[in-house]
Amino acid sequence: MDGNRLTGVAKEFGGKVQGAVSDVTGDHDTKAKGAANEAKGNVENLYGQAKDAVRDVADQASDLAQGAMKQRRDAIPDAERACRQSADTVTSYAKESPLMMATMAGALGYLLAMVVHGRR
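Listed below in C-alpha coordinates is the structure:
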(Lines of atoms letter the chains of each structure in order from A and count residues from 1; the text may use other names and numbers.)
(Lines give C-alpha, C1' and ligand atoms only; values in the text may rest on other atoms or scores of the structure.)
Protein backbone atom coordinates (compact mmCIF):
# COMPACT_ATOMS: atom_id res chain seq x y z
CA MET A 1 0.00 0.00 0.00
CA ASP A 2 1.37 3.38 -1.01
CA GLY A 3 2.20 6.00 1.65
CA ASN A 4 0.06 8.57 -0.19
CA ARG A 5 -2.97 6.38 0.35
CA LEU A 6 -2.37 6.24 4.10
CA THR A 7 -1.76 9.98 4.36
CA GLY A 8 -4.77 10.68 2.19
CA VAL A 9 -7.07 8.53 4.32
CA ALA A 10 -5.78 10.25 7.47
CA LYS A 11 -6.35 13.73 6.01
CA GLU A 12 -9.77 12.74 4.74
CA PHE A 13 -10.74 11.41 8.17
CA GLY A 14 -9.36 14.55 9.84
CA GLY A 15 -11.44 16.71 7.51
CA LYS A 16 -14.57 14.74 8.37
CA VAL A 17 -13.85 15.19 12.08
CA GLN A 18 -13.37 18.93 11.57
CA GLY A 19 -16.68 19.05 9.72
CA ALA A 20 -18.47 17.17 12.49
CA VAL A 21 -16.99 19.43 15.16
CA SER A 22 -18.00 22.53 13.20
CA ASP A 23 -21.55 21.20 12.92
CA VAL A 24 -21.69 20.98 16.72
CA THR A 25 -20.05 24.37 17.34
CA GLY A 26 -21.58 26.16 14.36
CA ASP A 27 -18.16 27.43 13.23
CA HIS A 28 -18.37 27.92 9.45
CA ASP A 29 -14.62 28.61 9.13
CA THR A 30 -13.75 25.21 10.65
CA LYS A 31 -16.37 23.56 8.44
CA ALA A 32 -14.71 25.05 5.32
CA LYS A 33 -11.23 23.97 6.47
CA GLY A 34 -12.58 20.48 7.20
CA ALA A 35 -14.12 20.21 3.73
CA ALA A 36 -10.84 21.39 2.16
CA ASN A 37 -8.81 18.86 4.19
CA GLU A 38 -11.27 16.11 3.29
CA ALA A 39 -10.94 16.96 -0.42
CA LYS A 40 -7.11 17.08 -0.20
CA GLY A 41 -7.10 13.72 1.55
CA ASN A 42 -9.38 12.23 -1.07
CA VAL A 43 -7.11 13.47 -3.90
CA GLU A 44 -3.99 12.16 -2.17
CA ASN A 45 -5.69 8.81 -1.59
CA LEU A 46 -6.66 8.61 -5.28
CA TYR A 47 -3.08 9.47 -6.26
CA GLY A 48 -1.80 6.64 -4.07
CA GLN A 49 -4.33 4.24 -5.59
CA ALA A 50 -3.17 5.22 -9.08
CA LYS A 51 0.48 4.60 -8.14
CA ASP A 52 -0.47 1.21 -6.71
CA ALA A 53 -2.38 0.34 -9.90
CA VAL A 54 0.58 1.29 -12.13
CA ARG A 55 2.91 -0.76 -9.93
CA ASP A 56 0.55 -3.74 -10.14
CA VAL A 57 0.34 -3.51 -13.95
CA ALA A 58 4.14 -3.30 -14.21
CA ASP A 59 4.49 -6.36 -11.97
CA GLN A 60 1.95 -8.30 -14.06
CA ALA A 61 3.73 -7.35 -17.29
CA SER A 62 7.04 -8.52 -15.84
CA ASP A 63 5.48 -11.80 -14.75
CA LEU A 64 3.96 -12.32 -18.21
CA ALA A 65 7.29 -11.62 -19.92
CA GLN A 66 9.12 -14.05 -17.64
CA GLY A 67 6.45 -16.67 -18.29
CA ALA A 68 6.79 -16.22 -22.04
CA MET A 69 10.57 -16.55 -21.84
CA LYS A 70 10.27 -19.75 -19.79
CA GLN A 71 7.69 -21.14 -22.21
CA ARG A 72 9.99 -20.40 -25.16
CA ARG A 73 12.92 -22.10 -23.43
CA ASP A 74 10.78 -25.13 -22.62
CA ALA A 75 9.42 -25.36 -26.18
CA ILE A 76 12.83 -25.26 -27.88
CA PRO A 77 15.35 -26.34 -25.26
CA ASP A 78 18.19 -27.23 -27.62
CA ALA A 79 17.82 -24.45 -30.21
CA GLU A 80 20.52 -22.20 -28.77
CA ARG A 81 22.96 -25.10 -28.39
CA ALA A 82 22.26 -26.25 -31.97
CA CYS A 83 22.89 -22.78 -33.39
CA ARG A 84 26.19 -22.49 -31.55
CA GLN A 85 27.24 -25.96 -32.70
CA SER A 86 26.40 -25.10 -36.32
CA ALA A 87 28.36 -21.87 -36.18
CA ASP A 88 31.33 -23.66 -34.61
CA THR A 89 31.22 -26.36 -37.32
CA VAL A 90 31.18 -23.80 -40.15
CA THR A 91 33.97 -21.81 -38.51
CA SER A 92 36.18 -24.86 -38.08
CA TYR A 93 35.50 -25.97 -41.68
CA ALA A 94 36.39 -22.48 -42.94
CA LYS A 95 39.67 -22.59 -41.02
CA GLU A 96 40.54 -26.04 -42.40
CA SER A 97 39.54 -25.35 -46.04
CA PRO A 98 39.49 -21.60 -46.72
CA LEU A 99 39.74 -22.05 -50.52
CA MET A 100 36.72 -24.38 -50.56
CA MET A 101 34.69 -21.93 -48.42
CA ALA A 102 35.61 -19.04 -50.73
CA THR A 103 34.54 -21.09 -53.76
CA MET A 104 31.24 -22.04 -52.11
CA ALA A 105 30.58 -18.42 -51.10
CA GLY A 106 31.27 -17.25 -54.66
CA ALA A 107 28.98 -19.90 -56.15
CA LEU A 108 26.21 -19.02 -53.68
CA GLY A 109 26.59 -15.33 -54.52
CA TYR A 110 26.39 -16.08 -58.24
CA LEU A 111 23.24 -18.19 -57.78
CA LEU A 112 21.61 -15.46 -55.69
CA ALA A 113 22.43 -12.88 -58.33
CA MET A 114 20.84 -15.05 -60.99
CA VAL A 115 17.69 -15.49 -58.90
CA VAL A 116 17.40 -11.79 -58.08
CA HIS A 117 18.19 -10.41 -61.51
CA GLY A 118 17.09 -13.29 -63.69
CA ARG A 119 18.98 -14.87 -66.59
CA ARG A 120 19.76 -12.62 -69.51
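Residues are numbered in the working numbering as their position in the sequence shown, beginning at 1, plus a constant of 223. Every residue gets a Cβ at the ideal spot worked out from N, C-alpha and C, and that includes glycine.
One thing to note: residue 261 has its Cβ no nearer than 8 angstroms to the Cβ of residue 227. In this structure, residue 256 and residue 241 form a Cβ contact; the two beta carbons are roughly 6 angstroms apart against a cut-off of 8 angstroms. Judged by their CB atoms, residue 232 and residue 264 are nearer to each other than the 8 angstroms cut-off. For residue 321, the uninterrupted alpha helix (DSSP H) run begins and ends at 321-340, by DSSP.
By the criterion of a C-beta distance shorter than 7 angstroms, residue 234 is surrounded in its chain by 260, 263, 264 and 267, once the five residues flanking it on both sides are discounted. Sequence-distant Cβ neighbours of residue 305 in its own chain, meaning closer than 8 angstroms and more than five residues away, do not exist here. Within a 10 Å sphere around the beta-carbon of residue 238 sit 16 or more other beta-carbons, which makes this residue buried. Annotation for residue 237: the continuous alpha helix (DSSP H) segment containing it runs 226-248. Secondary structure of residue 282 (DSSP, three-state): helix. Here residue 301 carries a coil assignment [DSSP, helix/strand/coil].
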